[in-house]
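S.K.: Structure below; questions to follow.
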Amino acid sequence: MSHQLPAILFLLPLFAAISMPVVCLKHRHWSHPISVVILVAMVLVSILNLYNVIHHGEVQYVFGGWAVPLGIEWVADGLASVILVLLSVLGLLGVVFTGPTSPKDLGGRIVHYYTLILLLVSSVVGIVFAGDLFNLFVFLEVAAISSYALIGVAGGRALFAAFRYLIVGTLGASLYLLGVSYLYAVTGTLNMSDMADKLPLLLSSKALVGGLLFMFIGLGIKMALVPFHSWLPEAYTYAPDSISPILASLVTKVALLAWVRIIYWIFNASIIINDIPILLLVEVVGALAAVIGASLALAQRDIKMMFAYGGISHIGIILIGISQGNPTGFVGGVFYLLNDSVMQAALFFLAGVAFFQYGVRTIDDLGRIGKQAPWLTGALIVAALGMIGLPPTGGFFGKWYIILGALEASNYVSVVAVVLSTLLTLAYFVKLFEAIFRQTSTGSDIQFGVIPLSSKLTLGVTSAAIMILGLFSSPIIQLLLSHALPPRF
Amino acid sequence: MVDAFFAVFQRPNFLTFVIIFMWGLYIMVTRYNLVKKLIGMYLVQTSVIFFLVSISAKRGATIPVLLSITEPVQAASYANPLPHVLTLTAIVVGVATTGVGLALCAAIYQKYGSLDEQEILEKLE
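Taken in sequence, the protein lines are chains L and Y.
Residues in the first sequence are numbered consecutively from 0, following numbering that gives the first Met the number 0.
Residues in the second sequence are numbered consecutively from 0, following numbering that gives the first Met the number 0.
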């Protein structure tokens, strides 16, 4: 039974998504409770799966009994299982949050809205577990298509942002597929572990390098790496407030995880392009992303836009961590990925509540929060501590291990980039808090209705999670060090 | 230089792929009409599918169904079915993406009464 857990994890949200339009045909208000129940079940199964993987080793799930390399394989190893526990918790929180805050004018389409969310969650499971390059492409596209539709669901300005995302995202997917076909042409296999076995003899092939670069650019577009990030801020800012947290915490992170899989599990991170190691390339791009993303965030006045750029800079920091080529940096990067998912969810929950209850969109309106909702300010302070990386939070330990890894590899540029990005993050949060505490709010102090319990709950849980990830950082880091390292380390 | 030139022309399928891909990219970047952008996107997708098909083409090979069960299998006489299956899946993904894109276009047209990117951007300001 326990070796079926990865498939169960995937099938739960998928079957719920498919049966949702039928089950909720007459009772559209059932769609929210059904999604919550399914995601609670997913959280439990993912914890069971993590327990199973830690105690009995990784699970290789082969579909339909067709042996690898002919069949499609899923690999539930330590890295995938740890990340999946966190992502399913965040998916659950996102769905809990979305109940009372979902767009009001959807009518009967609310059922399809939950169908799309569940489809997005199931494709995330697929991306995390995929042990096959083409399978990964299919799930990346399922995730992308559901997010295009979810962003555009509320209409208005979001439609245009969703269309831009669709055009750019599809270009990324095509480049990724092109890279996969290059690698297939060279190696004759799509299975990741099989390809890893065949590659050492073929490392001089130019097609291999070309394919790797195409894949990097394709996934770079999907994870909003700096030169290709232009779709993200608009898409996340104009998306419905209930959708932004789910998108921000799931979609870009799984694309990054796919890149980690390709570079460490297939290529063993040893490939060199024209005397430039691929890890150095990733590190430089990551450093640029970390600094440029944070400086762009400093220039924003819309708070959702600011948080979106903050997320872009954190993608850069995670890339710096995983590109150090030593276990410390790798584990720091993965740990920071976990933290970043939680922090992005927390920030977009905050932005959603601030808009829904107090009509706050830009920095100038923020003064209203300070007066009326001290608890919201409190949650923002916790999230800010995490984003800046101050000691009790998980963000601090993530950055700490990344810097330790960089020092170990004597990559001082990385250290400078992380520190610079931290200072810029500090700067834009200072700007936020200045607006809150100066209380020079223009406009009326209106509050729209009572704050729903679900919003308070999600804010509380994410704020607590930022702290818990920090307080329990050493067992989590130990777990990652012993179970989530790539085969080469 | 001349050798490189002739090497390119020995593989017309790669040349065709590059032309279609760049053409699609050019349309996506330069045209303001949203439907034209979608057409460019579709060309890019199709070019990658064309590339997949062209690298798996094999002269004198047949479909991967055994010709005879008594003789040993001759791999050289069968076409590799895997790239074609990948192609099918990629086409399905492409159709789904184009469908969502067209739905977004229709919604944008209903909302703004135009499909021209610049006109819409003016209305958004």
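Note that the Cβ used here is the ideal one computed from N, Cα and C, for glycine as well.
Owing to the predicted nature of the structure, the values given are computational and were not obtained by experimental measurement.
Give a yes or no on whether the C-beta atoms belonging to L/L38 and L/V110 are separated by under 8 Å.
M.R.: No, the pair does not count as a contact, with Cβ atoms beyond the cut-off.
S.K.: To the nearest angstrom, report how far apart L/V61 and L/S454 are at their CA atoms.
M.R.: One C-alpha to the other measures close to 40 Å.
S.K.: Please check if any C-beta of chain L sits within less than 8 Å of the C-beta of Y/G100.
M.R.: Closer than 8 Å: yes.
S.K.: Report the neighbours of L/Y147 on chain Y: residues whose CB is nearer than 9 Å to its CB, in chain order.
M.R.: T96, V99, G100, L103, listed in chain order.
S.K.: Using the DSSP secondary-structure output, state which residues sit across from Y/Y77 in a beta bridge.
M.R.: In DSSP, Y/Y77 forms a bridge with Y/T61.
S.K.: Should L/Y491 be labelled buried (16 or more other beta-carbon atoms within 10 Å of its own) or exposed?
M.R.: Outside the shown range of chain L (0 to 488) lies residue 491 of chain L, about which nothing can therefore be said.
S.K.: Short of 7 Å Cβ to Cβ, which residues in the stretch 29–47 of chain Y face chain L?
M.R.: Answer in chain order: L33, K36, M40, V43, Q44, V47.
S.K.: State the Cα-Cα distance for the pair L/L201 and L/V330, rounded to the nearest angstrom.
M.R.: Spanning the two alpha carbons is a distance of roughly 29 Å.
S.K.: So L/Y60 is in the beta strand (DSSP E); what residue range does that whole segment cover?
M.R.: L/Y60 -> beta strand (DSSP E) spans 58–61.
S.K.: For L/A293, I'd like the list of residues in its chain whose CB is within less than 6 Å of its CB, leaving aside the five on either flank, ordered along the chain.
M.R.: Around L/A293: S312, S420, L423, T424.
S.K.: Is Y/I119 close to chain L? Criterion is C-beta to C-beta, closer than 8 Å.
M.R.: Yes, because at least one Cβ of chain L sits closer than 8 Å to the Cβ of Y/I119.
S.K.: Beta carbon of L/S180, beta carbon of Y/F50: below 8 Å?
M.R.: Taking 8 Å as the Cβ cut-off, L/S180 and Y/F50 qualify as a contacting pair.
S.K.: Is the separation between the beta-carbon of L/Y164 and that of L/I144 shorter than 8 Å?
M.R.: Going by C-beta atoms, L/Y164 is not nearer than 8 Å to L/I144.
S.K.: How would you list, in chain order, the residues of chain L whose beta-carbon sits under 8 Å from the beta-carbon of Y/K110?
M.R.: Per Cβ cutoff of 8 Å: G154, G155, L158.
S.K.: Report the neighbours of Y/A106 on chain L: residues whose CB is nearer than 8 Å to its CB, in chain order.
M.R.: The contacting residues are G151, G154, L158.
S.K.: Counting only C-beta atoms, is Y/A74 closer than 8 Å to chain L at any point?
M.R.: Y/A74 does not count as touching chain L.
S.K.: From the DSSP secondary-structure annotation, give me the bridge partner or partners of L/D131.
M.R.: According to DSSP, L/D131 bridges with L/N190.
S.K.: For Y/R58, count neighbouring Cβ atoms within 10 angstroms of its own Cβ and tell me buried if that reaches 16, exposed if not.
M.R.: Result: exposed.
S.K.: Taking only the alpha-carbon atoms, compute the straight-line gap between L/R360 and L/A195 and give it to the nearest angstrom.
M.R.: So the two alpha carbons sit approximately 48 Å from each other.
S.K.: Residues of chain L with CB under 7 Å from Y/V92, in chain order?
M.R.: By Cβ distance, chain L contributes V137, E140.
S.K.: Within this structure, are the beta carbons of L/M342 and L/G285 separated by less than 8 Å?
M.R.: No, these two residues do not count as a Cβ contact at 8 Å.
S.K.: For Y/M21, which residues in chain L fall below 7 Å Cβ to Cβ?
M.R.: By Cβ distance, chain L contributes nothing, its closest Cβ being about 12 Å from Y/M21, past 7 Å.
S.K.: For L/E72, list the residues DSSP reports as bridge partners.
M.R.: DSSP output for L/E72 lists L/V61 as bridge partner(s).
S.K.: Can you find a C-beta in chain L that's less than 8 Å from the C-beta of Y/M27?
M.R.: So, interface residue.
S.K.: By how many angstroms is the C-alpha of Y/M21 removed from the C-alpha of L/V54?
M.R.: According to the sequence as given, residue 54 of chain L is His; it is not Val. One C-alpha to the other measures close to 51 Å.
S.K.: Examine chain Y for any beta-carbon lying closer than 8 Å to the beta-carbon of L/S453, and answer yes or no.
M.R.: So no, L/S453 is outside the interface.
S.K.: If I measure Cβ to Cβ from L/R437 and keep anything under 7 Å in the same chain, skipping five residues before and after, which residues do I get?
M.R.: Excluding residues within five positions, the ones whose Cβ falls inside 7 Å are G366.
S.K.: Going along chain Y, which residues have a C-beta under 7 Å from L/I166?
M.R.: What L/I166 touches in chain Y: M27, K36, M40.
S.K.: Measuring CB atoms only, is the stretch 103–110 of chain Y touching the stretch 152–161 of chain L, in the sense that at least three cross pairs come out at less than 8 Å?
M.R.: Verdict: yes, contact present.
S.K.: How big is the Cα-Cα spacing for L/L249 and L/V123?
M.R.: When rounded, the distance between both Cα atoms is 7 Å.
S.K.: At which residues does the alpha helix (DSSP H) containing L/W374 begin and terminate?
M.R.: Segment 373–387, the alpha helix (DSSP H) holding L/W374.
S.K.: Cβ closer than 9 Å: which chain L residues qualify as neighbours of Y/T88?
M.R.: Those within 9 Å of Y/T88 in chain L are F133, F136, V137.
S.K.: Using DSSP's beta-bridge definition, name the partner residues of Y/N32.
M.R.: The partner list for Y/N32 (beta bridge, DSSP) reads Y/D115.
S.K.: Can a CB atom of chain L be found closer than 8 Å to the CB of Y/L65?
M.R.: It does not; no Cβ of chain L falls within 8 Å.
S.K.: Using a Cβ cut-off of 8 Å (strictly closer), state whether Y/F50 contacts chain B.
M.R.: Considering every chain present, this structure includes no chain B. Its protein chains are L and Y.
S.K.: Assuming L/S340 contacts L/L85 under a Cβ cut-off of 8 Å, what Cβ separation, rounded to an integer in Å, is found between them?
M.R.: Going by Cβ atoms, the distance from L/S340 to L/L85 rounds to 6 Å, so yes, they are a contact pair.
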